[in-house]
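First the structure, in the form of structure tokens, and then the observations on it.
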Amino acid sequence: MKREEVLLIRLFLLAISIASFSTGAFAQGVTAERRAQFVEIMSDHDCRFHNSQPSQALVDDLFAAGYDRDEIKAIGQDLIQSGDGEVSGQFLVAKTGPCAS
């Protein structure tokens, strides 16, 4: 993975954090299947996505499953807005499906 791709993901995850506090709108265009698959992939990586230093393995798994930066952002926003995820420090933490406590 190129450094530029990692930096883009970091920026978008930071945008997720900011957007979650600045808007009440749910993410548009997120399918339940893709959202569930995203959480499943996160569950293989401690259900956490660090927004400034994401795990290379997690990033590789997301890209291998066909996720792009826009979809990652939309699903992250949807998880936060629905309460199925939260921002904890610099992490997006999933709290649903296989990541439920």
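Taking my numbering, I'd label the letters of the sequence shown as residues 8 to 108.
By construction, the Cβ of each residue, glycine as well, lies at the ideal position given by its N, Cα and C atoms.
If I measure Cβ to Cβ from His-57 and keep anything under 7 Å in the same chain, skipping five residues before and after, which residues do I get? Sequence index remark: in the sequence shown, residue 57 carries index 50 (1-based). Within its own chain, the residues whose Cβ lies closer than 7 Å to the Cβ of His-57, once the five positions on either side in sequence are excluded, are Gln-97, Phe-98, listed in chain order.
Is it buried or exposed for Glu-78, if we count other Cβ within 10 angstroms and need 16 for buried? Position 71 of the sequence shown, counted from the first residue, corresponds to residue 78. Buried, by the Cβ-count rule.
Alpha carbon to alpha carbon, how far is Arg-10 from Cys-54? In the sequence shown, the residue the question calls residue 10 occupies position 3. In the sequence shown, the residue the question calls residue 54 occupies position 47. Each residue's Cα considered, the two are about 23 Å apart.
In the DSSP assignment, the beta strand (DSSP E) including Ser-95 goes from what residue to what residue? For the purposes of this step, residue 95 is identified with residue 88 of the sequence shown, where counting begins at 1. Start and end: 92 to 95.
Beta-bridge pairing of Phe-70 - partner residues as DSSP gives them: Here residue 70 is taken as the residue at index 63 of the sequence shown, counted from 1. Beta-bridge pairing links Phe-70 to no other residue.
Can you give the beta carbon distance from Gly-73 to Gly-83, rounded, assuming they're within the 8 Å contact cut? Position 66 of the sequence shown holds residue 73. Position 76 of the sequence shown holds residue 83. Gly-73 to Gly-83, Cβ: 16 Å. No contact.
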